[in-house]
Amino acid sequence: MSNKPKIAFYWCASCGGCEESVVDLAEGILDVVKAVDIVFWPVALDFKKKDVEAMPDGSITASLINGAVRTSEQEEMAHLLRQKSQVVIAYGSCAHTGGIPSLTNQFAKEDILKYVYEDSPTTVNPNKTRPMTEYSDNNQTVTIPEFRNVVRTLDQVVDVDYYIPGCAPTPGLLKTAVDALLSSQLPPKGTVIAPDTALCQECPRLDSKPQDLAIQEFVRPHQIKIDPALCLLAQGLACMGPATRGGCEARCINGNMPCTGCFGPTSRVIDHGAKIASALASSVEAKEEDKIEKSLEGIPDPVGTFYRYGLAKSLLRMNNQIPRDNNQIITKEQ
Amino acid sequence: MSENWEPKIIAFFCNWCTYTAADLAGVSRMQYAHNVRIIRVMCSGRMDPQFVLDAFAKGADGVLLGGCHPGDCHYIEGNYKALRRSALLKTMLQDMGIEDARYRLEWISASEGDKVQHVINDMAAKVKNLGPLGLPKKFADWDKEMDDLEKKIENKGEPAHVK
Ligand code: SF4
Ligand code: FES
């Protein structure tokens, strides 16, 4: 075996976009492959879990894990890779802040399973059969992973050294991270590998952002013809640029769409959703309660909007009325 | 829920009006429910929605924000910002399963010591009625589901993922 640094990639609850972003390095990936040994990458290479188990502890230089953690299998793999790696990197929004999958933290596990196996319009399941996590027949027991009550970020399950944000991260950020690993010029533990300033600072439309926004009413992108030169917030779109970390090259803004917050907050912000809610609400012009409410009608689902990529990381973490007494549903105490 | 349980309410009062009013209530010996812990902020506009969520996450059962009446804010616009933020925050709290009565915004001027008394008593009673929110304990309970897996694997004699 060569003594090149060893890299592992793994995916948990994710869409595959993060894997795609690795491939998006294009020719750049050849430089990476030249410089490192990829020892585990289920989506592209045929290594098995037992191969990882056979590696000595700490022998992988860095594991880049994408996706949120929903099942016991994902938990187990996260622990295994942690044990075998010197550095664990949470790659992409889902591993970093929970991502889209963590929006399900608004619903109880039972409600999700009931919808998927019984109520959804495309389901035909008259006996209401559901998969069991354990089944025995002929003295043989087979198991499938446990479906957890909530979606967690990677660092809510194992110790994480660095974060590469984004849905998906830009190839540029991945390159920065790999270069840092190769040169052993590692930033302090816990660093998010992206600038620690708000997106507005690097936004090409910053000059057109008025000092006093005085928003009359919020609108959704399909409701207006979006001016491609003007600050999106000034047009009443709920652009999350003011409270979201930059480093994405303002790709959504350049596509004439408002920022939806995938890079998560800057380091000074604890709760991304609350911060953006604060910034947007205080920019409303109205001064009377009913007029304020009218202006805010264009944000019909504030939790889904402001925590689109980060509900697992919110201070309240989830809908607190969801009973979580393991598998059974209990009614909330009155 | 035990009969003797008393709610904890965190109150953010603006320096120029509501905090002064609470002082007035004090020197006038008006009694109010002991459930509030008052934190002085310079203006209700200083109240970041993160403070409210943080208070709940750390164990508060209710959060009260008090500021100057509209038009009276020492910093002119601060309480309008508080009003706008509260409007959005209320919807968010509802959607995240925090009952309405647990968060409240009130305008109380420096001379309204009696309003401090009334609002605190009323809120304490309503929150007491709702019962504890108890988020720190819920968070701990929710995370126990991960311990179970480890035990299960160990009991089965399969290789545990953490050695
Ligand atoms: S609010 Fe959005 S569009 Fe406006 S400057 Fe900030 S990032 Fe750019
Ligand atoms: S100073 Fe009292 S609300 Fe602004």
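Going line by line, the protein sequences match chains A and B.
Plus 1240 on top of the position in the first sequence (first one is 1) and you've got my numbering.
Plus 206 on top of the position in the second sequence (first one is 1) and you've got my numbering.
Quick reminder that beta carbons are idealized off the backbone N, C-alpha and C, glycines included.
Query	Result
Leaving out five residues on either side along the sequence, give the residues of the same chain with a beta carbon under 8 Å from the beta carbon of Leu1265(A).	Val1272, Pro1411, Leu1414 and Lys1415
Measure how close the beta-carbons of Ala1308(A) and Ser1261(A) come, nearest whole angstrom, since I'm counting them as under 8 Å.	No, Ala1308(A) and Ser1261(A) are not in contact; Cβ-Cβ is about 16 Å, not under 8 Å.
Tell me, which residues are paired with Trp1251(A) by DSSP?	Asn1306(A)
If you measure from the beta carbon of Asp1511(A) to each beta carbon in chain B, is any gap under 8 Å?	yes
Measuring CB to CB, does Thr226(B) end up less than 8 Å from Ala331(B)?	no
Can you list the residues of chain A that Leu289(B) reaches, using a CB-CB cut of under 7 Å?	Glu1529 and Ile1532
Under 8 Å between beta-carbons, which chain C residues line up against Ser1507(A)? List them in chain order, please.	Although the question refers to chain C, the structure presented lacks it and instead comprises the protein chains A and B.
Is Cys1255(A) near the ligand GDP, going by C-beta to nearest heavy atom under 7 Å?	With respect to small molecules bound, the structure shown includes the ligand SF4 and the ligand FES and not the ligand GDP.
Quick one: using the 10 Å Cβ neighbour count with 16 as the cut-off for buried, is Glu283(B) buried or exposed?	exposed
What distance in whole Å lies between the Cβ atoms of Ser1333(A) and Cys1492(A), which are believed to be in contact at a cut-off of 8 Å?	Cys1492(A) to Ser1333(A), Cβ: 13 Å. No contact.
Which word fits Ala1469(A), buried or exposed, when buried means at least 16 other C-beta atoms lie within 10 angstroms of its C-beta?	exposed
Would you say the beta carbon of Cys1488(A) is closer than 7 Å to some non-hydrogen atom of the ligand SF4?	no
Under DSSP, the beta strand (DSSP E) around Leu1576(A) begins and ends at which residues?	Residue 1576(A) is absent from the structure shown; chain A starts at 1241 and stops at 1574.
Within its chain, find whatever has a CB closer than 8 Å to the CB of Pro1245(A); leave out the 5 residues flanking it on each side and keep chain order.	Ala1275, Val1276, Asp1277, Thr1301, Ala1302, Leu1421 and Leu1422
Answer with buried or exposed for Val333(B), where buried requires no fewer than 16 other C-beta atoms within 10 angstroms of its C-beta.	buried
When a residue counts only if its C-beta is closer than 6 Å to some heavy atom of the ligand FES, which residues count, in chain order?	Cys220(B), Trp222(B), Cys223(B), Cys249(B), Ser250(B), Gly251(B), Gly273(B), Cys274(B), Cys279(B), His280(B), Tyr281(B), Gly284(B) and Asn285(B)
Does the Cβ of Leu1472(A) lie closer than 7 Å to at least one heavy atom of the ligand SF4?	yes
Is the distance from the Cβ of Ala1335(A) to the Cβ of Thr1393(A) below 8 Å?	yes
Within the 8 Å Cβ cut-off, does Lys344(B) reach chain A?	yes
If you check the beta carbons only, do Glu305(B) and Val325(B) fall under 8 Å apart?	no
Going straight from the alpha carbon of Pro1435(A) to that of Thr1545(A), what length do you get?	23 Å
Here's a check: name, in chain order, each residue in its chain whose Cβ is nearer than 7 Å to the Cβ of Ser1299(A), leaving out the five neighbours to either side.	Lys1246 and Lys1324
Between the alpha carbons of Lys214(B) and Val269(B), how many angstroms are there, rounded?	9 Å
Which residues does DSSP pair with Gln1441(A) in a beta bridge?	Bridge partners of Gln1441(A): none, in fact.
Counting beta carbon pairs with one atom in the stretch 223–238 of chain B and one in the stretch 1535–1552 of chain A, are three or more of them shorter than 8 Å?	no
Going by DSSP, what residue range makes up the alpha helix (DSSP H) through Thr226(B)?	Thr224 to Val233
What's the gap between the Cα of Gln288(B) and the Cα of Gly251(B)?	Per the sequence shown, the amino acid found at residue 288(B) is Ala instead of Gln. Answer to the nearest angstrom: the Cα atoms are 5 Å apart.
Between Leu1304(A) and the rest of its own chain, which residues show a CB-CB distance below 6 Å, the 5 nearest in sequence each way excluded?	Phe1249, Ile1329 and Tyr1331
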